[in-house]
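Heads up, the sequence shown is in the working numbering, so the first residue is 1263 and it goes up one at a time. In what follows, a structure is listed as structure tokens, so that the remarks can point back to it.
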Amino acid sequence: MTGEIDSAVLANFTSGLDRAIDEAIGTLLVDLSQVDFMSVSGARALVDAHRRAEQCGVAMLIASEGPSSRTLAVTGIDCVLRCYPTVRDALEARRTELSAHVDLDRSATFQTR
1263 MTGEIDSAVL ANFTSGLDRA IDEAIGTLLV DLSQVDFMSV SGARALVDAH RRAEQCGVAM
1323 LIASEGPSSR TLAVTGIDCV LRCYPTVRDA LEARRTELSA HVDLDRSATF QTR
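Printed below as a string of structure tokens:
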């Protein structure tokens, strides 16, 4: 996503998020690093998408540095959603999370009775 996320593009933004959730396999990364402005409506769309992603079993991560991160911080959404300053940070956090689950699965597999 690039440019501005406001009422003029909100319907397209929302439908794009819905499509991305439908197509995601396990993880969806929303890159807002090129977004110059995000309205509160855009932030609300992210919250709604996050809820839907959870229902679909998709981990939704948000990479947002710059102007879009301000909206997420002011609204407190950055504390509720999984927000990271960069794409790299988001991917590394997800990789670490998935590795922890794999290690837990392995330890359970090798337990003796």
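Virtual Cβ for every residue (Gly too), placed ideally from N, Cα, C. Remember, predicted model here, so these are calculated numbers, not experimental data.
The beta carbon of Cys-1345 sits closer than 7 Å to the beta carbons of Ile-1324, Ser-1326 and Leu-1334 from its chain, once the five residues preceding and following it are set aside; these are given in chain order.
Straight-line spacing of the CA atoms in Pro-1347 and Ala-1307 works out to 19 Å. Within the same chain, and ignoring the five residues on either side of Met-1263 in sequence, the residues whose Cβ sits closer than 8 Å to its Cβ are Phe-1275, Gly-1278, Val-1292, Asp-1293, Leu-1294, Gln-1296 and Val-1297. Taken in chain order, the complete beta strand (DSSP E) segments of 3 or more residues contained in the stretch 1269-1319 are 1289-1293 and 1296-1300. Taking Asp-1268 as the centre and dropping the five residues before and after it, the same chain places the C-beta of Ser-1301 closer than 6 Å to its C-beta, in chain order. The beta carbon of Leu-1290 sits closer than 8 Å to the beta carbons of Ala-1282, Ile-1283, Ala-1315, Val-1320, Ala-1321, Met-1322 and Leu-1323 from its chain, once the five residues preceding and following it are set aside; these are given in chain order. Cβ-Cβ distances below 8 Å link Asp-1280 to Ala-1311 and Arg-1314 in the same chain, with the five nearest sequence neighbours on each side left out; the list follows chain order. Excluding five sequence positions before and after Val-1349, the CB atoms of its chain that fall closer than 8 Å to its own CB belong to Leu-1291, Asp-1293, Ser-1295 and Ala-1325, given in chain order.
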